[in-house]
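Under our numbering, the first residue of the sequence shown carries the number 667, and numbering increases by one thereafter.
Glycine included, each C-beta is placed from N, C-alpha and C at the ideal position.
This one's a predicted model, so the numbers in the text were calculated from it and none came from an experiment.
Comments concern the structure below.
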Amino acid sequence: MSIIRNPSESALKKTHLNLAIIGHVDHGKSTLTGRLLLETGYVDEKAFAEIEAEAKKLGKEDFKYAWIMDRLKEERERGVTIEAMHVGFETPKYFFTIIDLPGHRDFVKNMIVGASQADAALLVVSARPGEFEAGIGPQGQTREHLFLAWTLGIRSLIVAVNKMDVVNYDQKRYEQIKSELTKLLKILRYDVSKIPFIPVSAIRGDNIKSKSSNTPWYNGPTLLEALDAIEPPPRLVDKPLRLPIQDVFSITGAGTVVTGRVESGILKVGDPVVILPPAKVGDVRSIETHHMKLEQAKAGDNIGVNIRGVEKQDVRRGDVLGHLNSPPTVAEEIVARIAVLEHPTTIGVGYTPVMHVHTATVPAQIVELISRLDPATGQTVEQKPQFIKRGDVAMVRLKPLKPVVVERFSDLPALGRFSLRDMGRTIAAGQIIEVRPAKVEIKR
Ligand code: GTP
Ligand code: MG
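In structure tokens, the structure reads:
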């Protein structure tokens, strides 16, 4: 029996959002996440009763919520639990998949390597004297996580000012934390007017599901209300069609079928399409999803497309399908902003890790280190650095050593965010700022 309940069918029909829980070590991420799962009915009652009894026996009752997450982690490690995909909770509008992150660097790895990408972040900051200050200090992860979340394209943020019980629900302490965080968030360019700051106690349960009488001075939303009020990520139906190919099949009697998720645009039966980089042109014969025929598919749909005029051996995973009149961009060179997560030594010009972008994997060489940026502010601190290392943020020029389709992050996030891997490790995460397109001839 798993500690976490499976979502119902109706929950899975709701808009799905990936939520990253971020913040400094020990500020209460796991406790608050456990509490959210419990309050929304996603924790198995019997399993939780066992945890409660054990916590009581050990005189550690405050740990019971965090233990929900620990138990889940154990289950995952033993491989007995539900798919990571479906661990979450629901609000009236959304089903949230949660990514609870330990308060150190692994956070980024989880966020970018996992198939799911965060649409929004919940920042947990402790109000306890000294703890808030450590998190927001130069070495603190409150600061680091906010910057990385921004670098990875997260624009939707909620701040939970946690452990309010420790400071007797003092409004002054809350206002002080809010004002210091506001300063930092403005430097990072977050739109502060849209960010709720919610005074909570993960352990006592204040302002999580219902308004707390301990904070009569607070008029904002509860945490669950704020989560339900997140603006859904834009549906990219108005953008050019992009379908990164996951798999290619040859089906007897039907012909070539490619599968994948439509990241942007709309695809209709009969449309003339092109698959790049191989520049193969064809027409859409049929579209299906879960064995149902569709007349059209739009951004967000997982589909199989039967294409006339293209052979199975002509296309591969990582190629991208688009409309013939608005073809995907094949990159000659890329300018990107990267954050170096880990590297044993230093990175210089000539370094050639493997770039993972949408469904594609290609070797890419660093051909120029353009500048090094202040991780906290994004301001340039050094032009043309000789090397970059772990913890650095930099603008670099990358040359894919094989043709690959990418787009600017600002145009199409799903095709503009990537990771660099080497020797089985994630070295860096980045966003594509500019693309110099390669010349590709497309013939009908
Ligand atoms: P890492 O995963 O190690 O980064 O920590 P975390 O952010 O997940 O913190 P965790 O939930 O493990 O909580 C850290 C400590 O703070 C534990 O001792 C909790 O019991 C305590 N704590 C968490 N939330 C609250 C709260 O609202 N009030 C009080 N008084 N203590 C809390
Ligand atoms: Mg934790």
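Inter-residue Cα distance where the pair is residue 1024 and residue 1098 | For this step, residue 1024 is matched to residue 358 along the sequence shown. For this step, residue 1098 is matched to residue 432 along the sequence shown. The C-alpha of residue 1024 lies about 12 Å from the C-alpha of residue 1098.
Any idea what DSSP makes of residue 1004, helix, strand or coil?
-> As a position in the sequence shown, residue 1004 is number 338, starting the count at 1. It is a strand residue.
Would you mind reading off the limits of the beta strand (DSSP E) that contains residue 1088?
-> Sequence index remark: in the sequence shown, residue 1088 carries index 422 (1-based). Element bounds for residue 1088: 1083-1088.
Locate the beta strand (DSSP E) running through residue 955, then write down its first and last residues.
-> Working through the sequence shown from its first residue, we reach residue 955 at position 289. First-last of the beta strand (DSSP E) with residue 955: 946-955.
Among the residues of its own chain, which have a CB less than 6 Å from the CB of residue 750, if the five just before and after it don't count?
-> For this step, residue 750 is matched to residue 84 along the sequence shown. Caution applies to residue 750, whose pLDDT of 39 falls short of 50 and renders its modelled position unreliable; the value that the coordinates give is listed next. None.
Taking only heavy atoms of ligand 3 into account, decide whether any of them is closer than 7 Å to the Cβ of residue 695.
-> Ligands in the displayed structure: ligand 1 and ligand 2; ligand 3 is not one of them.
Assess, as a yes-or-no matter, whether the region 1086-1098 is touched by the region 1004-1017 under the definition of 3 or more beta carbon pairs within less than 8 Å.
-> Taking a cut-off of 8 Å on C-beta distances, the region 1004-1017 touches the region 1086-1098, as three or more cross pairs fall below it.
Residue from 1020, 808, 960 whose Cα sits closest to the Cα of residue 692 = Indexing the sequence shown from 1 puts residue 692 at position 26. It is 808.
Spatial distance of residue 914 from residue 943 (CA atoms) = Taking the sequence shown and counting its residues from 1, one reaches residue 914 at position 248. Taking the sequence shown and counting its residues from 1, one reaches residue 943 at position 277. If you take the alpha carbons of residue 914 and residue 943, they lie about 15 Å apart.
Okay, do the region 793-811 and the region 705-721 touch, 3+ Cβ pairs below 8 Å being the bar?
-> No, the region 793-811 does not touch the region 705-721.
Which residue comes first and which comes last in the alpha helix (DSSP H) that contains residue 721?
-> Numbered from 1 along the sequence shown, position 55 holds the residue referred to as residue 721. DSSP places residue 721 inside the alpha helix (DSSP H), whose first and last residues are 711-723.
When you compare only the Cα positions, how much space is there between residue 727 and residue 721?
-> The count along the sequence shown starts at 1 and reaches residue 727 at position 61. The count along the sequence shown starts at 1 and reaches residue 721 at position 55. Take the alpha-carbon of residue 727 and the one of residue 721: they are about 5 Å apart.
Closer than 6 Å by C-beta to residue 1040: which residues in its own chain qualify, once you throw out the five before and the five after it? Chain order, please.
-> In the sequence shown, counting from the first residue as 1, residue 1040 sits at position 374. 1047, listed in sequence order.
Span of the alpha helix (DSSP H), counted from its first residue to its last, around residue 1102 = Position 436 of the sequence shown, counting from 1, holds the residue named residue 1102. Note, residue 1102: premise wrong, no alpha helix (DSSP H); beta strand (DSSP E) at 1091-1103.
If you follow the alpha helix (DSSP H) that residue 800 is part of, which residue opens it and which one closes it?
-> Mapped onto the sequence shown, residue 800 falls at position 134. Segment 797-802, the alpha helix (DSSP H) holding residue 800.
Are residue 909 and residue 926 closer than 8 Å when you measure CB to CB?
-> Stepping through the sequence shown from its first residue, residue 909 is reached at position 243. Stepping through the sequence shown from its first residue, residue 926 is reached at position 260. The answer is yes: Cβ separation under 8 Å.
Using the Cα positions of residue 745 and residue 1059, report the straight-line distance between them to the nearest angstrom.
-> Locating residue 745 in the sequence shown gives position 79, counting from the first residue. Locating residue 1059 in the sequence shown gives position 393, counting from the first residue. Here residue 745 scores only 49 on pLDDT, less than 50, and its place in the model is too uncertain to base an answer on.
Which residue or residues does DSSP assign as beta-bridge partners of residue 921?
-> By one-based count along the sequence shown, residue 921 stands at place 255. Paired residue(s): 917.
Option in 1100, 1051, 1053 with minimal Cα separation from residue 1075 = Numbered from 1 along the sequence shown, position 409 holds the residue referred to as residue 1075. Measuring from the Cα of residue 1075, the nearest candidate turns out to be 1100.
Cβ of residue 864 within 7 Å of any heavy atom in ligand 1?
-> Here residue 864 refers to the residue found at position 198 when the sequence shown is read from its first residue. No, ligand 1 has no heavy atom inside 7 Å of this Cβ.
Alpha carbon to alpha carbon, how far is residue 862 from residue 845? Give it in angstroms, no decimals.
-> Residue mapping note: residue 845 aligns to position 179 of the sequence shown, counting from 1. Residue mapping note: residue 862 aligns to position 196 of the sequence shown, counting from 1. Approximately 12 Å, taken between the alpha carbons.
Alpha carbon to alpha carbon, how far is residue 836 from residue 962? Give it in angstroms, no decimals.
-> Translated into positions along the sequence shown, residue 962 becomes position 296. Translated into positions along the sequence shown, residue 836 becomes position 170. Residue 962 and residue 836 have their C-alpha atoms some 55 Å from each other.
So residue 884 packs on residue 865, CB below 8 Å; how close in whole Å?
-> Working through the sequence shown from its first residue, we reach residue 884 at position 218. Working through the sequence shown from its first residue, we reach residue 865 at position 199. That pair is a contact at about 6 Å.
May I ask you to check if the CB of residue 764 is nearer than 7 Å to at least one heavy atom of ligand 1?
-> Residue 764 sits at position 98 when you count from the first residue of the sequence shown. No; taking the cut-off as 7 Å, the Cβ of residue 764 has no heavy atom of ligand 1 nearer than that.
Simplified DSSP assignment, three categories, for residue 1018 | Indexing the sequence shown from 1 puts residue 1018 at position 352. Coil, per DSSP.
Cβ shell of residue 1162 (< 6 Å), same chain only, five flanking positions each side left out | Because residue 1162 is not part of the residues shown, which for the chain are 667 to 1110, the question remains open.
Where residue 763 falls: helix, strand or coil (DSSP) = Mapped onto the sequence shown, residue 763 falls at position 97. Residue 763 falls in the strand class under three-state DSSP.
Give me whichever residues DSSP pairs with residue 988 in a beta bridge.
-> Position 322 of the sequence shown, counted from the start, is the residue given in the question as residue 988. Paired residues: 940.
Would you report the Cα separation of residue 958 and residue 924, rounded to the nearest angstrom?
-> As a first step, residue 958 must be located in the sequence shown, where it is residue number 292. As a first step, residue 924 must be located in the sequence shown, where it is residue number 258. Each residue's Cα considered, the two are about 15 Å apart.
Span separating the alpha-carbon of residue 765 from that of residue 893 | One-based indexing of the sequence shown puts residue 765 at position 99. One-based indexing of the sequence shown puts residue 893 at position 227. Rounded to the nearest angstrom, the two C-alpha atoms are 15 Å apart.
What are the boundary residues of the alpha helix (DSSP H) that residue 839 is part of?
-> Here residue 839 refers to the residue found at position 173 when the sequence shown is read from its first residue. For residue 839, the uninterrupted alpha helix (DSSP H) run begins and ends at 837-853, by DSSP.
Return the first residue and the last residue of the alpha helix (DSSP H) that residue 702 is part of.
-> For the purposes of this step, residue 702 is taken as the residue at position 36 of the sequence shown. Per DSSP, the continuous alpha helix (DSSP H) segment holding residue 702 begins and ends at 695-705.
Using DSSP with H/G/I as helix, E/B as strand and the rest coil, what is residue 682?
-> In the sequence shown, residue 682 corresponds to position 16, counting from 1. In this structure, residue 682 counts as strand in the three-state DSSP scheme.
Out of curiosity, what's the CA-to-CA distance linking residue 850 and residue 795?
-> On the sequence shown, residue 850 is found 184 positions in, with the first residue counted as 1. On the sequence shown, residue 795 is found 129 positions in, with the first residue counted as 1. Roughly 19 Å between the two C-alpha positions.
CA-CA distance, residue 950 and residue 919?
-> Position 284 of the sequence shown holds residue 950. Position 253 of the sequence shown holds residue 919. Cα to Cα, the separation comes out at about 15 Å.
Going by other Cβ atoms of all chains shown within 10 Å of its Cβ, with 16 needed for buried, is residue 723 buried or exposed?
-> Reading the sequence shown from its first residue, position 57 is the one you call residue 723. In the assembly as shown, residue 723 is an exposed residue. Its beta-carbon has fewer than 16 other beta-carbons within 10 Å.
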